[in-house]
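Take the sequence shown: its position 259, counting from 1, is numbered 281 in this note's numbering, and each next residue is one higher. Quick reminder that beta carbons are idealized off the backbone N, C-alpha and C, glycines included. Remember, it's a predicted structure, so these values are computed and weren't measured experimentally. Structure record follows, encoded as structure tokens.
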Amino acid sequence: MLCDAGFDVTYNPKITAEELVKTIPDYEAVIVRSRTKITSDIISAGKRLKVIGRAGAGLDNVDQKAAGASKIKVYNTPDALTNAVSELVIGLIISLSRGICLGDAGVKRGEWPKGGLLGKEVRGKTIGVVGMGRIGRRVAELADALGMEVLYYDIINIPNEVIKQFNLRFRDVDTLLSESDFVTVHVPLNPTTKHFINKERISKMKKGSYLINASRGAVIDEKALIDALNTGLLQGAALDVFEVEPPGKSELTCHPNVVCTPHIGAQTVEAQEIAATGIAEKIIEHFKTTYVGKL
């Protein structure tokens, strides 16, 4: 799409930060996924840089302050991965409640662990959604369709029509944690939300409940999570994101009651196509309307 629009495109998905600093001076635009970080050093080196495109939703890997100071426009595609991440969250919830991963591992070892896998149905259970942005709302919609009671917490007001449509009930964060059988976190990572689910908040969670995180790893204090799992306060957790990625082998990733996936929330054919075309369209439109005849 970009080539068809007349752009000279270089594709290098494995580029390092050092390589990017050296090559960025030759480019007017750069597109990244979640792995590549656009730091202030890269922005400073990009003397011709006018646009940063993030093919995805989160912008925590882009130094937006430095970009703004250099008058560089930052675009993302927040709608691209909404459904993909939401479906994964529901899949993780069902996996936890039915012990799917434990059953799979047992059968592959030549065992038949049926007797130890008495699960629970999600219908009638309470799910607490922390953060009611696009993904949070879609998760709430899917959970409501499964017959779950949906509680939510957000710092902004949610339109009444959304509340009525998905039978949502507001709770302050501590009450939500104490009443929910499943808690799923959908907040952006910033200084305010780092370790938002910390030791104190985890201690207020309902005994035997589950914690799911498909937003950013650092919004949960992983040490506090391990402690809660080991003491039996939490029955289990499902994590698609980690404070350090890849996390390596650890007590958390090897815990029998933790389901881990390698940040695959947006890893669907459909989401990737939407993200790629969406960010390309925004960059094409930006240069078409802003820099015609000026480059």
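Quiz item: In whole angstroms, what separates the C-alpha of residue 177 from that of residue 206?
Solution: As a first step, residue 177 is located in the sequence shown; it is residue number 155 there, counting from the start. As a first step, residue 206 is located in the sequence shown; it is residue number 184 there, counting from the start. Rounded to whole angstroms, residue 177 to residue 206 spans 16 Å at the Cα level.
Self-check item: Helix, strand or coil at residue 317 [DSSP, three-state]
Solution: Position 295 of the sequence shown, counted from the first residue, corresponds to residue 317. Any reading at residue 317 must be qualified, since the residue scores a pLDDT of 48, below 50, and its modelled position is unreliable; the value itself is stated next. Three-state DSSP puts residue 317 in coil, outside helix and strand.
Quiz item: In three-state DSSP terms, what is residue 309?
Solution: Within the sequence shown, numbered from 1, the residue matching residue 309 stands at position 287. Residue 309: helix per DSSP, three-state reduction.
Quiz item: Smallest Cα separation from residue 159: which of 67, 43, 108?
Solution: Within the sequence shown, residue 159 is the residue found at index 137, counting from 1. For residue 159, the nearest C-alpha among the options comes from 108.
Self-check item: Residue span of the alpha helix (DSSP H) that contains residue 108, given as start and end
Solution: Here residue 108 refers to the residue found at position 86 of the sequence shown. That run of the alpha helix (DSSP H) goes 104 to 120.
Quiz item: What does DSSP give as the partner residues of residue 232 in its beta bridges?
Solution: If you number the sequence shown from 1, residue 232 lands on position 210. Answer by DSSP bridge pairing, in chain order: 204, 258.
Practice problem: Following the continuous beta strand (DSSP E) through residue 149, name the residue where it begins and the one where it ends. | Solution: If you number the sequence shown from 1, residue 149 lands on position 127. Counting along the chain, the beta strand (DSSP E) containing residue 149 begins and ends at 148 to 152.
Quiz prompt | Whole-angstrom C-beta distance between residue 118 and residue 263, which should lie under 8 Å | solution = The sequence position of residue 263 within the sequence shown is 241, counting from 1. The sequence position of residue 118 within the sequence shown is 96, counting from 1. Contact flag wrong, Cβ pair sits at about 16 Å.
Practice problem: Please name the residue, chosen from 201, 78, 248, that lies closest to residue 173 on a Cα-to-Cα basis. | Solution: By 1-based counting over the sequence shown, the position of residue 173 is 151. Per the Cα distances, 201.
Quiz item: Around the C-beta of residue 60, are 16 or more other C-beta atoms found within 10 angstroms, so that it is buried, or is it exposed?
Solution: One-based indexing of the sequence shown puts residue 60 at position 38. Buried: at least 16 other Cβ atoms inside 10 Å.
Quiz item: Nearest CA to the CA of residue 238: which residue from 187, 211, 224?
Solution: Residue numbering aside, residue 238 sits at position 216 when the sequence shown is read from its first letter. For the residues 187, 211, 224, the minimum Cα distance to residue 238 belongs to 211.
Quiz item: Should residue 305 go down as buried or exposed, given a rule of 16 or more other Cβ atoms within 10 Å for buried?
Solution: Stepping through the sequence shown from its first residue, residue 305 is reached at position 283. Answer is buried; the Cβ neighbour count reaches 16.
Quiz item: Roughly how many whole angstroms lie between the Cα atoms of residue 95 and residue 187?
Solution: Reading the sequence shown from its first residue, position 73 is the one you call residue 95. Reading the sequence shown from its first residue, position 165 is the one you call residue 187. Using only the alpha carbons, I get a separation of about 36 Å.
Self-check item: Per-residue burial, residue 123 [other beta carbons within 10 Å of its own, 16 or more giving buried]
Solution: In the sequence shown, residue 123 corresponds to position 101, counting from 1. Burial state of residue 123 is buried, judged by a 10 Å Cβ sphere holding 16 or more other Cβ atoms.
Exercise. Give me the Cβ distance between residue 217 and residue 155, rounded to the nearest whole Å; I'm assuming they're in contact under 8 Å.
Key: Stepping through the sequence shown from its first residue, residue 217 is reached at position 195. Stepping through the sequence shown from its first residue, residue 155 is reached at position 133. Residue 217 to residue 155, Cβ: 20 Å. No contact.
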